[in-house]
Amino acid sequence: MDFIKQYDWAGLITNAGVLLIKLIIMILLYFIIRSLGMKIIKHLFAKFEEQNSLSIGRAHTLRSLTLNIFAYILIFIFFVMILDLFHYDPSALLAGAGIVGLAVGFGAQGLVSDIVTGFFILLEKQLDVGDYITVSTFDGIVEQVGLRTTQIRSFDGTLHYIPNRNITNVSNHSRGTMQALVDIKVPAERNIDEMIHILQQVCDETAAALPQIKEGPNVIGIQELGTSEIVIRVIAKTENMEQWRVERVLRKEIKTALDRAFPKETE
Amino acid sequence: MDFIKQYDWAGLITNAGVLLIKLIIMILLYFIIRSLGMKIIKHLFAKFEEQNSLSIGRAHTLRSLTLNIFAYILIFIFFVMILDLFHYDPSALLAGAGIVGLAVGFGAQGLVSDIVTGFFILLEKQLDVGDYITVSTFDGIVEQVGLRTTQIRSFDGTLHYIPNRNITNVSNHSRGTMQALVDIKVPAERNIDEMIHILQQVCDETAAALPQIKEGPNVIGIQELGTSEIVIRVIAKTENMEQWRVERVLRKEIKTALDRAFPKETE
Amino acid sequence: MDFIKQYDWAGLITNAGVLLIKLIIMILLYFIIRSLGMKIIKHLFAKFEEQNSLSIGRAHTLRSLTLNIFAYILIFIFFVMILDLFHYDPSALLAGAGIVGLAVGFGAQGLVSDIVTGFFILLEKQLDVGDYITVSTFDGIVEQVGLRTTQIRSFDGTLHYIPNRNITNVSNHSRGTMQALVDIKVPAERNIDEMIHILQQVCDETAAALPQIKEGPNVIGIQELGTSEIVIRVIAKTENMEQWRVERVLRKEIKTALDRAFPKETE
Amino acid sequence: MDFIKQYDWAGLITNAGVLLIKLIIMILLYFIIRSLGMKIIKHLFAKFEEQNSLSIGRAHTLRSLTLNIFAYILIFIFFVMILDLFHYDPSALLAGAGIVGLAVGFGAQGLVSDIVTGFFILLEKQLDVGDYITVSTFDGIVEQVGLRTTQIRSFDGTLHYIPNRNITNVSNHSRGTMQALVDIKVPAERNIDEMIHILQQVCDETAAALPQIKEGPNVIGIQELGTSEIVIRVIAKTENMEQWRVERVLRKEIKTALDRAFPKETE
Amino acid sequence: MDFIKQYDWAGLITNAGVLLIKLIIMILLYFIIRSLGMKIIKHLFAKFEEQNSLSIGRAHTLRSLTLNIFAYILIFIFFVMILDLFHYDPSALLAGAGIVGLAVGFGAQGLVSDIVTGFFILLEKQLDVGDYITVSTFDGIVEQVGLRTTQIRSFDGTLHYIPNRNITNVSNHSRGTMQALVDIKVPAERNIDEMIHILQQVCDETAAALPQIKEGPNVIGIQELGTSEIVIRVIAKTENMEQWRVERVLRKEIKTALDRAFPKETE
Amino acid sequence: MDFIKQYDWAGLITNAGVLLIKLIIMILLYFIIRSLGMKIIKHLFAKFEEQNSLSIGRAHTLRSLTLNIFAYILIFIFFVMILDLFHYDPSALLAGAGIVGLAVGFGAQGLVSDIVTGFFILLEKQLDVGDYITVSTFDGIVEQVGLRTTQIRSFDGTLHYIPNRNITNVSNHSRGTMQALVDIKVPAERNIDEMIHILQQVCDETAAALPQIKEGPNVIGIQELGTSEIVIRVIAKTENMEQWRVERVLRKEIKTALDRAFPKETE
Amino acid sequence: MDFIKQYDWAGLITNAGVLLIKLIIMILLYFIIRSLGMKIIKHLFAKFEEQNSLSIGRAHTLRSLTLNIFAYILIFIFFVMILDLFHYDPSALLAGAGIVGLAVGFGAQGLVSDIVTGFFILLEKQLDVGDYITVSTFDGIVEQVGLRTTQIRSFDGTLHYIPNRNITNVSNHSRGTMQALVDIKVPAERNIDEMIHILQQVCDETAAALPQIKEGPNVIGIQELGTSEIVIRVIAKTENMEQWRVERVLRKEIKTALDRAFPKETE
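Residue numbers (full-length UniProt numbering), protein chains in the order written: chain G, 1 to 267; chain A, 1 to 267; chain C, 1 to 267; chain F, 1 to 267; chain W, 1 to 267; chain D, 1 to 267; chain Z, 1 to 267.
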């Protein structure tokens, strides 16, 4: 506990002015370099995009990452210099209390996990800015990919900040054609063959009308056989992110077709 | 176990008076410096805000944080000086019992986790005082952001104290326009095209009446196709925190419009 | 395993009498000092409270904590002196079996966690004696705050002992005005504007009658739009701990008003 | 692996007879000392109880604990002497295989956790023999409190053995007056003021008849407002462990009173 | 990686014959000693049981445990001798690769946990062979108690092998009288006093007829007060393992009595 | 990072040809030895089975295990020799980076856990190839038992690969007679004695017809007493794996008997 | 913190140009070697497949793995050379801060787990590219198997990236014939023998019509005996991945047959 006494408290106060000036200069320098660096990186990526050498999603991913790395390295250097300014030797402080060291080691563990995981997410291109993904219980559009955190904007407008270490199983919904699936419940007393015929007709008409549909839609058969209701399943392949619209159109068309075919039932 | 004997118990008692006086002085000093420091920090931030160089939420966040850091450092110095006063060498006590040391190291681990996580939450601006956020199972308005704990006030008035280490996935609902979503259940025997036409008309009128709506509202289609009920979905983009009011107005307007269009049904 | 032989078993038995006397003296001393200390602390706090320098809840919190710390330190000193009496060197016993040491280190870890967490709960004033809080799955009134355990009395009379390490997310319901929320279900065939008018009238009358209401109550709109039922929400701000009474009064007044307005329905 | 060869196997066999006799003497001694010690402890506590210096629950708790500690210490000494008899140095065996040592250290960790937790449960008087408690998913009457395990007898006769380390959050239902709570469902068409009047009358009569009721019972108001049913809540304070009987009596009296007041409804 | 080269591969092959013979002798010896030892242990316990010095359950528990310990020690000695035969020094192999050592230490940790827990389960007599117990999600009759695993036979015939480390909270249903509990649902329009009278009469007759009932059965009152149904609870104390039969007889007798008392209702 | 420079890159390329030949020879050798060894082991076990010295399930278990151990040891030797070929000293690589070593140690921990657990599962004969078992959430027939993984084929044809470390609580359904349990729901207005008489008659007839039934079936009494339905339970002991068929036959026979006895009810 | 000062900052800037050129050359080299290597590997596997020495699934698995390993090794070498270029000794940086080292060790642990698990998944052929598998909560067709991550394409088009360490229990649905299971609910008043006869007839006809059925389908009996409904189960063995189609055909055929047999019921 002597490290408190060994300091020349009086001297500290007299030196405070000098220190303060140095501190202000450093803070100013930090903000100048930071804004300069940011501008340069953004400028470089803007040029990069013009040449179309990368997909837009990937380019945005790399830009947000580069800005992120730049900011973190700057913070780290700034932090070390501030400590240096005060003639404090943080390692001595830590070494003196091995207990604290152990605690810090464990505490920082999460941070390293974030960076290691983040590195592999990017290397393996598991997600790009603009992708629609599901991670644990969150789903939405990737807004920013950072060294430590990934930002996902869900459809209701909420912005989720997820530490990379929590991103283990990534479900990326923006990698290829999607499937539209509609389950139709019909009363059990209807004739099955007739029902399937009507539904398939609607499917064929819808396929002709919607260019977003890539395959099908087709009636694949009876999915569930209840005593009062039968569930018939219709499946189609659609362009990415168009699956919901196709499902809604299919539901409306099937509803209209069934109302036309069995008008009595609804009165 | 000899460290109990080696003390001059008699001397301790005679010195107790001197110690007590020193102790009282230190406690007084602690409270004086604390209240002084608090005032200065608050004063500085008040000036800061006048110049409008930061958003109000961010300024409040930084103020509560600065107060927090100041209080913790003061407590730490005070704690070390008290120990010093009693000529106790806590490190010897600890080193003598390596077991205790290990235990303390693990015990303090949570504290370090809190500070590391808290630091990054602030650095990445994941939340500001006044934001409406969801963290694990708690949601509410951020009231204070500290080095170790974040305080969230939920809408029913409860104040939640959440250690920063528990703040992993932050869902911030105050970052951009929000979506208002209303699901309308209508009887299956209604004509679909007519229904959609009426609903869209209500939407257009509401959009004209409410300036908080930024986009839509629009009927996006049939969401669910039951045998007795059909669910039609309406979506709008609104100003932040205005989504609930827009939803309530939409529900009321749609209800009134449907009652007008199908008056028989309700008798 | 020779430490069992190396003892002078005969001598131990002859010395047993002397030891027994010492032991009895120590136990007596322990109980005398304990009861004396307890009285002094209680006396000091009684004086403290008279001067009203602290809120009652905070004063009780500090009193129960001081008694707690005093008791633990006394137990620790007593425990060490007993060991000393028997000329046993517990550290040697432990060091001799490094395995046991490791186990003890891990075992004591929970205890340190309790104390560290307890310290910060108190420092940050997360809870005071008398507060109504929710911690994990327990809720009730804080009865005692200790260095290791916090006692919560739930409304059915059960006393919960919760180790401080389990108190991570504290939801304190005694920090500010609370919200009373009443959801009214009305049949879907009723006229919405009329309903809202009646409900708002009841709200205004209740607000006039109950001084515990600080703001509102107000009908905020339609919360849910079913095919046979509509849910209308009423919200008010009330004094702390008065929210349930306000909700019950509101429910009764609204029920009476609706019965008066639509007498037929109930027959 | 040479420690198997270095033994004089032949000598071991010739010495086996001597060892066997020693072993039998030790086992006999163990059982004699054990039963003697048990008797003495029980005798001492019987005297203790006569003098009424402790509550019965607390006395039983201390007795079961003292017997427990005595048995464990005896087992430990017996175990070490048996090992000593065979000239085996267990520490060498362990040290020779550091891997095994590590494993044992971790394995014994749970045992230490049990003892540390058990010590604090007793020190803080969280439970006594005879208390009705809930621990994790088990509830019942505490039958025995040990250094390592606590035994709880649930009402269906099952005896639960719970290691102390699993006893974290203790809910003790035997610390003070309990609350009896009865929710009465009444049809929505009834007049509210009349209903509350009848119920309060029953409450007052029951309070007069049952001396176990310490406060109330009182009708506190409408708890839930359904479209066909209304829930009215009645609350009372009762003597400990009498809450269920009071609830049952209240239910019967209320049922009888409502049948008398509205005789038509039940036909 | 030189430990592969330094072996005299040719010599190994020529020595293989000698080794093989040694190996076969050792395997034969292992099986002979094993079956001999097993027979002796079983014989000893058979004699032991004749003298009735222990309860049968406890004797079976100790027998299965002794066989278990004998088998494990034999396996361990056999394993070490096989390694010795091949002139392999396993510790060198392990020490050479500290990484492997660490892994093995952690891997064996579970095994040590099993043995430590198993030891205390037996010492504290938490379960005996033949007891009906519940452990985590398994319940059944204990069939065998081992040093590492406990076998439980559930009533549907499945045999569960549970590592002792997973046996934390033991619920033993074979320790004392059990409670039989029957809840009777009666229509809300019945007269309560009459119902209770009839039920108590059935209870008294059943108590006279069944000697397995030790106390009661008694009608303890109304457990639940619904608008259309009332639940009346009957409780009895029975001999161990007879609770289900008593419950079934009570249900049948009550059903018959109610059919006799209210014959109209069932047509 | 100098180990990259110190290599004679040119020499590496000229030596590549020699290395490649060596490598090919080794790979060929590996495949030859592997297929040879596999054949010999299978041949030995085929002979073994002819002599009927082991049950078929146990023999298959041992065969799949022996093949497994052989394959793993071969892979290990092959792996070490490949490394040796390239003059790489893996231990140096690892030792140079202690961090990597630590990580590998932790990573390999799971593998050791698998082998240790697998060893005890086999030693204690918890499962054999062909047994019907339940492990965590998977159930099916054991297809292969390996040193690291166990393969279970569920009844729908899926093959589950389960690492042995995940096999903690094993529920083996192939160890002894099983219980068939059928719950019959009958309307509450039926006469109980008559019902039980009819059911017991069906049970006796079924017992005579099905040789797979070893004991019973018997009507054990009323399991549940509802206001409109009564549940009567029938229990039988059957041969292993025949329980489902017995249950189905019992259900059919009871249904037919009840239809015959109460013909009106079904029209 | 002196490592920042000891650098010749001026020299660094002058050397920056040289470094930049080196850096660009290295990056170019990296991309050239990478694309070259990729092409060669793909070419080799294309030839490999022509010779049909491996199943297609296995060949794709090995190809994706080889590309993966190649890419990771290249990245590692590139990363080390970049560090070397800057004359940075990363190990010194790490060693200087033992705390960081510890953290990195723990952080990298997950990566090693991935590789170890991935290695065994491949060695034991638990899955191949093209297999239909279930892993934790994800199911779909395996698209790529990597050293660190496995990609699964679910049927709705989503691509799941799963770190190998999360692949513990693999359920592979592409290993052998599958079972089709259809449960038919029939009204309780039907004659059971007649129902089973009709269903078995449909099964036999379907078996004749569908070549994908390998065994059955057969009516195995009554699965559930309700008071108003009876559930009859039909089971068949089918070719892999054809089970759903067989189930759908069976449902349709059974529905048609029942409608023909009991025409009245549906009107």
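No residue lacks a Cβ here, since even glycine has one placed at the ideal position from N, Cα and C.
- Task: For Q179 of chain A, go through chain G and note every residue whose CB falls closer than 7 Å to its CB, in chain order.
- Result: For a Cβ distance threshold of 7 Å, residue set F155, D156, G157 of chain G lies close to Q179 of chain A, ordered along the chain.
- Message: Is there a Cβ of chain Z sitting closer than 8 Å to that of G96 of chain G, yes or no?
- Response: With a pLDDT of 38 at G96 of chain G, under the threshold of 50, the modelled position of this residue cannot be trusted; read the value that follows with caution. Contact of G96 of chain G with chain Z is not assigned, every C-beta pair being separated by 8 Å or more.
- Query: Where does A209 of chain G fall in DSSP's three states?
  - Reply: Helix.
- Evaluate N172 of chain C with the Cβ neighbour count: other Cβ atoms within 10 Å of its Cβ, from every protein chain shown; 16 or more gives buried, anything less gives exposed. Its Cβ being crowded by 16 or more others within 10 Å, N172 of chain C is buried.
- Helix, strand or coil at F45 of chain D [DSSP, three-state]: Helix at F45 of chain D.
- Query: Just by C-beta distance, which residues in the region 174 to 199 of chain G are closer than 9 Å to chain A?
  - Reply: So the list reads V182, D183, I184, K185, V186, P187, given in the order they occur along the chain.
- Task: Give, in chain order, every unbroken run of the beta strand (DSSP E) that is at least 3 residues long and sits entirely within the region 139 to 216 of chain W.
- Result: DSSP assignment within the region 139 to 216 of chain W yields the following whole beta strand (DSSP E) runs of 3 residues or more, N-terminal first: 149 to 153, 159 to 163, 170 to 172, 178 to 187.
- Message: Measuring CB atoms only, is the region 179 to 191 of chain C touching the region 199 to 211 of chain F, in the sense that at least three cross pairs come out at less than 8 Å?
- Response: The region 179 to 191 of chain C makes no contact with the region 199 to 211 of chain F; the number of CB pairs closer than 8 Å stays below 3.
- Item | Whole-Å CB distance - A207 of chain Z paired with I213 of chain Z, under 8 Å assumed | Taking C-beta atoms under 8 Å as the contact rule, A207 of chain Z and I213 of chain Z qualify, at a distance of about 5 Å.
- Message: Can you tell me whether E253 of chain D is helix, strand or coil according to DSSP?
- Response: Of the three classes helix, strand and coil, the one that applies to E253 of chain D here is helix, per DSSP.
- Item | Length of the line joining the Cα atoms of N164 of chain A and G118 of chain A | Each residue's alpha carbon lies about 5 Å from the other.
- Task: Starting from the C-beta of G226 of chain W, find all residues in its chain whose C-beta is less than 8 Å away, skip the five residues before and the five after it, and write them out in chain order.
- Result: Here the set comprises A188.
- Message: Once the 5 residues before and after I41 of chain F are set aside, which same chain residues still bring their CB inside 8 Å of it?
- Response: Once the five neighbours on either side are set aside, the close Cβ partners of I41 of chain F are R63, T66, L67, F70.
- Message: To the nearest angstrom, how far is the alpha carbon of L93 of chain C from that of I77 of chain C?
- Response: Note that L93 of chain C scores 39 on pLDDT, short of 50, meaning its location in the model is unreliable and no value can be drawn from it.
- Query: For chain G, is any of its Cβ atoms less than 8 Å away from the one on I24 of chain Z?
  - Reply: I24 of chain Z does not count as touching chain G.
- Query: If we ignore side chains and look at the alpha-carbon of each, how far apart do D131 of chain C and I162 of chain C end up?
  - Reply: If you draw a straight line from the Cα of D131 of chain C to the Cα of I162 of chain C, it comes to about 15 Å.
- Item | Proximity winner among Z:A236, Z:S228, Z:I230, relative to G216 of chain Z (alpha-carbon distances) | The shortest Cα separation from G216 of chain Z among Z:A236, Z:S228, Z:I230 belongs to Z:A236.
- Item | Cβ neighbours of Q243 of chain Z in the same chain (closer than 6 Å, five flanking residues each side left out) | Only M178, A180 meet the Cβ criterion.
- Query: What does G221 of chain G reach in chain Z if we use C-beta pairs closer than 8 Å?
  - Reply: Around G221 of chain G, the beta-carbon contacts reaching into chain Z at under 8 Å are R245, R248, V249, R251, K252.
- Does DSSP classify N240 of chain C as helix, strand or coil? N240 of chain C carries a coil assignment under DSSP once its states are collapsed to helix, strand and coil.
- Cβ neighbours of E253 of chain A in the same chain (closer than 6 Å, five flanking residues each side left out): Close CB contacts of E253 of chain A within its chain, under the 6 Å cut and outside five residues either way in sequence, are with V202, T206 (chain order).
- Mind checking which residues open and close the beta strand (DSSP E) that includes V135 of chain W? Counting along the chain, the beta strand (DSSP E) containing V135 of chain W begins and ends at 132 to 135.
- Item | Listed by chain order, chain W residues near G226 of chain D by CB distance under 9 Å | Contact of G226 of chain D with chain W by beta-carbon distance below 9 Å involves K185.
- Is the shortest distance between the beta-carbon of F70 of chain G and the beta-carbons of chain B less than 8 Å? Absent here is chain B; the protein component of the structure consists of chains G, A, C, F, W, D and Z.
- Message: Using only the alpha-carbon positions, how far apart do V135 of chain A and R153 of chain A sit?
- Response: Here the alpha carbons of R153 of chain A and V135 of chain A stand approximately 12 Å from one another.
- Check whether the Cβ atoms of N169 of chain G and F138 of chain Z sit closer than 8 Å, and answer yes or no. The answer is yes: Cβ separation under 8 Å.
- Message: So with CB distances below 7 Å, who are the chain C contacts of V145 of chain F?
- Response: Ordered by position in chain C, no residue passes the 7 Å Cβ test against V145 of chain F, which lies about 14 Å from the chain.
- Name, please, each residue of chain C whose Cβ falls closer than 8 Å to the Cβ of T256 of chain A. Ordered by position in chain C, the residues that pass the 8 Å Cβ test against T256 of chain A are I192, D193.
- Item | G240 of chain G at chain A interface by Cβ criterion, 8 Å | Note on identity: in this sequence residue 240 of chain G is Asn, with Gly being the wrong assignment. N240 of chain G does not count as touching chain A.
- Query: Under the rule that 16 or more other beta-carbon atoms within 10 Å means buried, what is V241 of chain F, buried or exposed?
  - Reply: Position check: residue 241 of chain F holds Met in this sequence, whereas Val was assumed. Exposed.
- Are G157 of chain C and L159 of chain A close, meaning C-beta to C-beta below 8 Å? G157 of chain C is not a Cβ neighbour of L159 of chain A, given a cutoff of 8 Å.
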